Structures are given as C-alpha cells and as structure tokens.
Ligand code: HEM
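In my numbering, the protein residues as written are 2 to 208.
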C-alpha cells in the first residue's frame, strides 16, 4: 500500500480569492446581522454602524457572488456542481454512513477526492443548495429590503416587506449554521489543517 501523500491541484486561484473574500464578507454580515437583530443601545456594534456595514458588505457580496456564478458558468469548476441523478440516494447513504460510523471505525472514504470528483456526494449537494439557492436568495431578499419601494406590497394578506424580512433572516441563519458545519467538516482531512491549507495553496492532500 502506498502511504505517500498525494497532492492534486483542485482549487484554482480565482476560487481561492473568491472564497477568501466570501468568507470574510459572511463573517462581517453575520456579526452585523446579529447585531441588528438583537439590537440594544449597549451592543458591541452600534446599530447605525451595523446597518451601514451590513449594507455595504451585502453590495460587495452581490458582486462577489456574481463573479462566482460567472466563473462556474465559464470554467471547468462548474462541472463539480452538476449532480448526477442516477444512484443519488445510494451515494448519499454511503457518505452518510461514512460520516456517522465508518470514519470513526477508520474505514476508507467511499468517495475519495480525485480530479474528477472534488466533492463527496453530501458535500456536493450542500454546496449546490448553498451557492445556487441560499446565497442568491439572501442576496435578492437583501436588495428587496434595501429598496422597499420595489418590494411587493402584500402577498396573500401578509405585508410583502415582512415576508421578505422573514425569508432574509431564515436564509441568513441557515447559511450561518451551514458555515459552522462546513468548517467542522473541513477539519476531517489528512490532518485537521490540511483542507484549510488547500484553500491557500490550491492543492488537496490525501493519503
Ligand atoms: C471562515 C469561514 C470559512 C472557512 C474557514 C472555509 C473553509 C473552506 C475550505 C478549507 C474549503 C476547501 C475544502 C472543501 O472543498 O470542502 C472550502 C471550500 C468551499 N467553501 Fe468554505 N469556508 C468558509 C466559509 C464559507 C462560506 C461562508 C461559504 C458560502 C456561503 C463557503 C463555501 C464554500 C464552497 C462553495 C467551497 C467549494 C469551492 C470550490 O472548490 O468550488 N465557505 N471552504
């Protein structure tokens, strides 16, 4: 058996730059978003400052997300986000078993990282939902709140603005939770740090 470390180049420069900016923006948006949500005069970030920083970070996030979307549309990276339909549930089951049981029994990963398969099935589905549903949704609802005059006035008896606000907060909280889980799963690599290093130098390390 070969115990040498294998290095595969998986994260192109543009993905690394996008990801770094995106992570910093998300942390800023979460800190200011929570501060707006639970505002009181004594919070760490002043309400007015939190609103301004949140709005500016949201605008930069829109640009950054557009870069990700266009990048994935026109480069080979987009192919990693296409989920093969055949055998979907069986693959998810195998990966779920690995994360809950197999991993702790030191079994081999059912979907080792290769150039063709950068993401395992659970990771792929999470990234697709995150990047093609939740993030665009939080961005669009954010714009709806920034320009309330363009937001639908009422929807089946509810205020359009209240609904937009509710959806924005729901998506924001969901993204925050996924981000925590994402960071935890990133520690399951060759070493607890190796996946974080990959996002800096572009190379994935495996056994
Ligand atoms: C401090 C916060 C974060 C850290 C430390 C972090 C860390 C990482 C690491 C180490 C990877 C490479 C391993 C892998 O593919 O799983 C990665 C990939 C990725 N992360 Fe994060 N992440 C953070 C925040 C976020 C946020 C907020 C999002 C989205 C809203 C995100 C979306 C992604 C995506 C889509 C990939 C795969 C990119 C690709 O190769 O196409 N991450 N992250």
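Note that the Cβ used here is the ideal one computed from N, Cα and C, for glycine as well. Please read these numbers as outputs of a predicted model, since none were measured by experiment.
Using a Cβ-based criterion (distance less than 8 Å to any ligand heavy atom), does residue 134 qualify as near ligand 1? Sequence index remark: in the chain shown, residue 134 carries index 133 (1-based). Taking the Cβ of residue 134 as the reference point, every heavy atom of ligand 1 lies at 8 Å or farther away.
Beta-carbon within less than 6 Å of residue 72's beta-carbon, same chain only, minus the 5 sequence neighbours each way: which residues are those?
Locating residue 72 in the chain shown gives position 71, where the first residue counts as 1. Excluding positions up to five away in sequence, the list reads 15.
Beta-carbon proximity check, residue 128 vs residue 120, cutoff 9 Å | Here residue 128 refers to the residue found at position 127 when the chain shown is read from its first residue. Here residue 120 refers to the residue found at position 119 when the chain shown is read from its first residue. It is a contact, given that the beta carbons lie within the stated cut-off.
Requested in this report: Report whether the distance from the Cβ of residue 74 to the nearest heavy atom of ligand 1 is below 8 Å.
Outcome: Residue 74 sits at position 73 when you count from the first residue of the chain shown. For ligand 1, not one heavy atom lies less than 8 Å from the Cβ of residue 74.
query: Within 10 angstroms of its Cβ, does residue 2 collect 16 or more other Cβ (buried), or is it exposed?
result: Reading the chain shown from its first residue, position 1 is the one you call residue 2. Because the pLDDT of residue 2 is 43, which lies under 50, any placement of that residue in the model is unreliable, and the number read from its coordinates should be weighed accordingly. Under this definition residue 2 is an exposed residue.
Assuming contact is defined by CB atoms lying nearer than 9 Å, are residue 30 and residue 173 in contact in what I supplied? As a position in the chain shown, residue 30 is number 29, starting the count at 1. As a position in the chain shown, residue 173 is number 172, starting the count at 1. Closer than 9 Å, so yes.
Thinking C-alpha only, which one of 137, 111, 151 is nearest residue 100?
By one-based count along the chain shown, residue 100 stands at place 99. The residue with the shortest Cα to Cα distance from residue 100 is 111.
Closest by C-alpha distance to residue 13, when choosing among 81, 51, 26: Reading the chain shown from its first residue, position 12 is the one you call residue 13. Taking only the C-alpha atoms, the option nearest residue 13 is 81.
Where residue 142 falls: helix, strand or coil (DSSP) = Residue 142 sits at position 141 when you count from the first residue of the chain shown. Residue state, collapsed to three classes: helix.
Buried or exposed: where does residue 88 fall if 16 or more other Cβ atoms within 10 Å of its Cβ makes it buried?
-> As a position in the chain shown, residue 88 is number 87, starting the count at 1. The residue in question, residue 88, is exposed, as its Cβ has fewer than 16 Cβ neighbours within 10 Å.
**Q.** Cβ-based neighbour list, residue 180, same chain, cut-off 7 Å, excluding 5 preceding and 5 following
**A.** On the chain shown, residue 180 is found 179 positions in, with the first residue counted as 1. Counting only Cβ-Cβ distances below 7 Å, and skipping sequence neighbours, we find 27.
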